[in-house]
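Undergrad: Dropping a structure here in structure tokens format, bear with me for questions.
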Amino acid sequence: MKKVLSSACLVAAAAMLVPQAASANDELLVMQDNPAWYVMPTLDYANTRYSKLSQINADNVGDLQVAWTFSTGVLRGHEGAPLVIGDTMYVHTPFPNNVYALDLSADGRVKWKYEPKQDPDTIPVMCCDTVNRGVAYGDGKIILHQADTTVVALDANTGEVAWTVTNGDPKKGETGTSAPMVVKDKVIIGISGGEFGVRGSITAYNLADGKLAWRAYSMGPDSDTLMDPEKTTHLGKPVGKDSGITTWEGDQWKIGGGTTWGWYAYDPEADLIYYGTGNPSTWNPSQRPGDNRWSMTIFARDPDDGMAKWVYQMTPHDEWDYDGVNEMILVDMQVKGEDRKALVHFDRNGFGYTMDRLTGELLVAEKFDPAVNWATHVDMKTGRPQVVSKYSTSQNGEDVNTTGICPAALGTKDQQPAAFSPRTGLFYVPTNHVCMDYEPFRVSYTAGQPYVGATLSMYPAPGGDHLGNFIAWDADKGEIVWSNPEPFSVWSGALATAGDVVFYGTLEGYLKAVDAKTGRELYRFKTPSGIIGNVMTYVQGGKQYVAVLSGIGGWAGIGLAAGLTEDTAGLGAVGAYKALSNYTQLGGQLTVFTLPN
Amino acid sequence: MRPCAKHVSLLLAAALVAALGLLLPSGGGAWAQDEEKPYQIKDGVVDWYTFSGFRRYHAECHVCHGPDGLGSSFAPALTETMKTMSYEDYLEIVVNGRENVGTTAQSKMPGFGENRNVMCFIDDIYAYLMARADGVLGRGRPKKEAKPAEAKERDEDCMS
């Protein structure tokens with residue numbers, strides 16, 4: 003039986019394949035290029051979620067069958083995807099955040115299980131279900147980011163704890179949901195809790211021993227945000243001194259939100275990491291006048307010392323909860339006839355952004371759902387969205403119910419990651435097609451208690467009979483190429499492959515395969531519970547497998563499980579929506595597919 | 043945080059309720075009897091306090107208990123639970139929280155005793171939930187009467 007390669011072997015292998023490789027971090031650069039494995043939650047550092055595997059392809063995917071299944075033993079929202087390294091699969095669960103190492107050469111026999119003990123007090127300070135978006139691998143260790151913010155490094159072979167470190171304090175509402183990313187000799191860890199007045203930060207720990215290397219806050223003085231007033235730029239201009247304080251009133255920045263619970267990307271050539279920050283706290287915009295920098299911002303930072311190279315704030319002074327945390331997809335492509343090192347980002351606010359990832363220049367910003375109405379467009383010079391007064395919860399003020407805002411707070415897209423295929427040049431994006439009413443009101447802050455200050459109701463976008471779309475996007479033109487309506491929001495991460503197939507899951511529980519060129523459905527299978535996980539693929543014993551976690555939950559599970567408000571007359575087809583619970587129930591299962599022999 | 047008279051008295055009240063509950067397991071305190079309903083609904087228009095309960099519920103509680111009290115995969119439907127729950131028990135649970143531990147899932151409701159966004163409006167939230175549980179108030183945002191001066195005063199006193 004084969005075993006997981008030891009880190010020494012991997013480094014040796016890396017050295018053989020890439021003679022110029024200098025340090026241990028190059029291990030992952032080599033491993034991510036092996037399509038048989040799935041070594042990071044984002045598939046690769048560029049977040050393309052594109053697999054070079056083509057054994058399963060548009061011609062034969064219709065024959066797909068279930069090869070084996072695995073119950074995780076936890077009945078909550080299952081986000082993220084397992085990893086595969088060699089013959090071992092690493093499966094994570096929602097709270098209590100168990101990790102299983104499964105032997106793929108022995109029908110998924112459990113090699114080891116790690117079961118952390120966590121204080122159940124953590125559960126109620128998780129805003130949107132007790133989700134976890136997966137583990138990371140680096141230097142022979144599996145890195146788990148627990149709900150209580152403990153970061154644990156486990157020996158990939160034995161599951162033994164190598165080190166642990168505490169990233170935050172759940173008693174202040176700080177929690178962990180995001181997947182770590184290993185970059186060079188560091189582990190990048192985010193934080194959740196934007197609905198609890200947490201001040202967001204991103205932290206790098208040494209992969210070797212868990213020692214804190216640097217922490218960069220989303221707001222605060224330059225010493226906290228790790229910004230250089232002269233060298234850090236916003237759309238090409240220096241940000242100036244203490245830019246993380248000057249657009250806030252009083253001490254509000256100290257409970258300012260801007261959490262970092264999404265995905266991280268890394269460009270090894272530019273040596274920059276990319277991520278986005280979440281909503282400013284509270285949801286009542288009148289209590290925090292100003293742009294609230296640097297919430298709702300795309301960051302490019304140096305992974306060695308955390309210093310920010312450039313930033314771009316997409317939604318200054320948020321009034322709708324349009325967190326900017328969604329993934330940054332790094333693609334080298336032509337934009338307006340020019341070769342660019344691009345960054346493509348589908349934001350909660352409904353705009354699809356294409357930027358130059360080296361300079362932070364804004365190249366394209368277009369709506370990726372025609373329903374988006376809160377802003378007419380993004381001013382390409384200032385980068386500011388042109389807000390429509392009617393939909394401004396800030397202009398309308400406290401205690402006023404602003405109606406018909408599209409998208410809803412869920413965003414046109416939440417964290418569920420999109421995929422990119424270099425074969426078609428298209429981005430495949432899971433989206434929501436939901437609008438809302440939003441009434442902000444005064445709230446008071448208590449550490450560890452919800453700090454929301456708004457009431458929302460959500461309903462289908464006008465005229466439609468569906469709550470989601472799965473779309474193909476041209477990031478140069480800023481246009482939808484094709485769009486498949488889905489009865490519910492698409493809350494599952496997509497996977498594109500060299501077989502010209504795109505996979506995604508649905509809230510009813512279907513795994514679907516569609517033609518990458520046309521979007522035509524080629525295959526569907528109903529798994530035991532709704533899918534909010536990300537589809538992944540790997541090779542074992544010469545065969546390609548496709549796997550996905552089922553387990554309804556997350557924000558979608560909360561917002562939709564009881565059905566949407568039916569009495570918002572005139573918006574959508576009243577009564578056309580049945581509760582999601584008519585389609586699916588709680589679950590926790592991995593389903594693995596392959597072609598018949 | 044500055045002391046808040048109502049807030050403190052509510053905490054004390056809840057403690058007292060808990061103590062009484064031990065002494066008098068049959069319940070039946072002053073609140074429990076079939077007095078007037080805690081809400082008023084005339085021609086489909088609710089009193090301000092019930093509306094206030096709707097609003098605060100959907101900021102503090104709905105993430106777990108679902109829109110309109112209908113429950114979610116995370117916590118029970120209060121439209122059902124409140125049919126049988128006494129006001130005393132409601133107070134005790136909101137102030138102190140509760141925990142359910144099982145083999146496949148753990149759930150925990152936090153105590154809101156120190157949270158003014160809940161405690162200042164605890165009777166409003168109760169009124170809203172009872173109206174939902176009694177089946178006299180539908181889903182979504184209710185039509186409301188104007189905010190009375192005394193409610194403005196009350197909110198300012200308690201929240202500041």
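Residue numbers (the numbering used here), protein chains in the order written: chain H, 3 to 599; chain G, 43 to 202. Positions of the beta carbon are idealized from the N, C-alpha and C atoms, including for glycine.
#1: Under the rule that 16 or more other beta-carbon atoms within 10 Å means buried, what is Asp273 of chain H, buried or exposed?
#2: Between the C-alpha atoms of Thr249 of chain H and Lys519 of chain H, what's the straight-line distance to the nearest angstrom?
#3: For Thr92 of chain G and Asp197 of chain G, which I take to be in contact (beta-carbon distance under 8 Å), what is that distance rounded to the nearest angstrom?
#4: By DSSP, does Arg203 of chain G sit in helix, in strand, or in coil?
#5: If we ignore side chains and look at the alpha-carbon of each, how far apart do Asp439 of chain H and Phe163 of chain G end up?
#6: Secondary structure at Phe198 of chain H, three-state DSSP: helix, strand or coil?
#7: Strictly below 9 Å CB to CB, what residues from chain H border Asn138 of chain G?
#8: So is Asn403 of chain H in contact with chain G if we call contact Cβ pairs under 9 Å?
#9: Can the beta-carbon of Phe1 of chain H be found less than 9 Å from the beta-carbon of Val333 of chain H?
#10: Assign Ala549 of chain H to one of two classes, buried (16 or more other C-beta atoms within 10 Å of its C-beta) or exposed (fewer than that).
#11: Could you check if Lys186 of chain H is buried or exposed, using at least 16 other CB atoms within 10 Å of its CB as the buried criterion?
#12: How about Gly182 of chain G: is its C-beta nearer than 9 Å to some C-beta of chain H?
#13: Using only the alpha-carbon positions, how far apart do Ser583 of chain H and Gly259 of chain H sit?
#14: Answer yes or no: does any C-beta atom of chain H fall closer than 9 Å to that of Ala191 of chain G?
#15: Quick check: the segment 485 to 505 of chain H against the segment 49 to 58 of chain H, are there 3 or more CB pairs under 8 Å?
#16: If the cut is a Cβ gap below 7 Å, which residues of chain H does Ser149 of chain G touch?
#17: How would you call Pro464 of chain H, buried or exposed, if buried means at least 16 neighbouring beta carbons within 10 angstroms?
#18: Please state if the CB of Gly212 of chain H and the CB of Trp165 of chain H are separated by a distance shorter than 9 Å.
#19: Quick one: is Val68 of chain H buried, meaning 16 or more other Cβ sit within 10 Å of its Cβ, or exposed?
#20: Taking only the alpha-carbon atoms, compute the straight-line gap between Pro291 of chain H and Val86 of chain H and give it to the nearest angstrom.
#21: Can you tell me the Cα-Cα spacing of Arg526 of chain H and Pro118 of chain H, whole angstroms?
#22: Looking at the C-beta of Ala188 of chain G, does it have a partner C-beta in chain H at a distance below 9 Å?
#23: Tell me which residue opens and which closes the beta strand (DSSP E) that His379 of chain H is part of.
#24: Report all residues from its chain with a CB closer than 7 Å to the CB of Asn62 of chain H; omit the five preceding and five following residues, and keep chain order.
#25: Identify, in the order they occur along the chain, each residue of the same chain with its Cβ nearer than 6 Å to the Cβ of Phe116 of chain G, setting aside the five sequence neighbours on each side.
#26: Can you look up Glu192 of chain G in the DSSP assignment and give me helix, strand or coil?
#27: Compare the C-beta of Tyr99 of chain G against all C-beta atoms of chain H and say whether one is closer than 9 Å.
#28: Taking Cβ-Cβ distances shorter than 8 Å, what residues in chain H pair up with Glu156 of chain G?
#29: Starting from the beta carbon of Asp416 of chain H, find every residue of chain G whose beta carbon is closer than 8 Å, and list them in chain order.
#30: Answer yes or no: does any C-beta atom of chain H fall closer than 9 Å to that of Asp197 of chain G?
#31: Output, in chain order, the set of chain G residues within a Cβ distance shorter than 8 Å of Ile554 of chain H.
#32: Let me check understanding here. Comparing Cα to Cα, which of H:Trp265, H:Asn294, H:Arg386 lies closest to Leu364 of chain H?
#33: Is there a C-beta anywhere in chain H that falls below 9 Å from the one on Val143 of chain G?
#34: Candidates H:Gly308, H:Glu329, H:Pro489, H:Asp320: which alpha carbon is nearest Pro442 of chain H's?
#35: Have a look at H:Leu156, H:Asp121, H:Arg135, H:Gln148 and flag the residue whose alpha-carbon is nearest the alpha-carbon of Trp114 of chain H.
#36: Please go through the same chain and pick out, in chain order, the residues whose beta-carbon is closer than 8 Å to the beta-carbon of Met382 of chain H, but skip the five residues on each side of it.
TA: Let me spell this out:
#1: Exposed is the label assigned to Asp273 of chain H, since fewer than 16 other Cβ atoms lie within 10 Å of its Cβ.
#2: When rounded, the separation of the alpha-carbon atoms in Thr249 of chain H and Lys519 of chain H is 45 Å.
#3: Contact check for Thr92 of chain G and Asp197 of chain G: beta-carbon distance about 15 Å, past the 8 Å limit, so the pair fails to qualify.
#4: The question about residue 203 of chain G has no answer, for chain G in this structure spans 43 to 202.
#5: Distance between the alpha carbons of Asp439 of chain H and Phe163 of chain G is about 22 Å.
#6: Correct three-state label for Phe198 of chain H: helix.
#7: Neighbourhood of Asn138 of chain G in chain H, by CB distance below 9 Å: empty, with the nearest CB roughly 12 Å away.
#8: So yes, Asn403 of chain H belongs to the interface.
#9: Beyond the ends of chain H as shown, which are 3 and 599, falls residue 1 of chain H; an answer cannot be given.
#10: Looking at its Cβ environment, which holds 16 or more other Cβ atoms inside 10 Å, Ala549 of chain H is buried.
#11: So Lys186 of chain H ends up on the buried side.
#12: Closer than 9 Å to the CB of Gly182 of chain G there is at least one CB belonging to chain H.
#13: Ser583 of chain H and Gly259 of chain H have their alpha carbons spaced roughly 33 Å apart.
#14: By this cut-off, Ala191 of chain G is not an interface position.
#15: The segment 485 to 505 of chain H makes contact with the segment 49 to 58 of chain H: 3 or more CB pairs, one atom from each, lie closer than 8 Å.
#16: Ile125, listed in chain order.
#17: The residue is exposed, with fewer than 16 neighbouring Cβ atoms inside 10 Å.
#18: In this structure, Gly212 of chain H lies closer than 9 Å to Trp165 of chain H by Cβ.
#19: It counts as exposed.
#20: A direct Cα-Cα distance of roughly 47 Å separates Pro291 of chain H from Val86 of chain H.
#21: Approximately 35 Å between the Cα atoms of the pair.
#22: Cβ-Cβ to chain H under 9 Å: no for Ala188 of chain G.
#23: Per DSSP, His379 of chain H belongs to the beta strand (DSSP E) from 377 to 380.
#24: Within the same chain, Asn62 of chain H has close Cβ partners Leu597.
#25: Closer than 6 Å at the Cβ level, and outside the excluded window around Phe116 of chain G, lie Cys106.
#26: The DSSP-derived three-state label of Glu192 of chain G is helix.
#27: Tyr99 of chain G counts as touching chain H.
#28: Ordered by position in chain H, the residues that pass the 8 Å Cβ test against Glu156 of chain G are Thr448, Gln451.
#29: In chain order: nothing, as chain G lies at least about 15 Å away.
#30: Yes, contact with chain H.
#31: Neighbours of Ile554 of chain H in chain G, taken as residues at a C-beta separation under 8 Å, are given in chain order as Ser115.
#32: Checked all of H:Trp265, H:Asn294, H:Arg386; the closest Cα to Leu364 of chain H is H:Arg386.
#33: Residue contact with chain H for Val143 of chain G: present (Cβ-Cβ distance below 9 Å to some residue of chain H).
#34: The residue with the shortest Cα to Cα distance from Pro442 of chain H is H:Asp320.
#35: In terms of Cα proximity to Trp114 of chain H, the closest of H:Leu156, H:Asp121, H:Arg135, H:Gln148 is H:Leu156.
#36: Excluding residues within five positions, the ones whose Cβ falls inside 8 Å are Leu364, Ala367.
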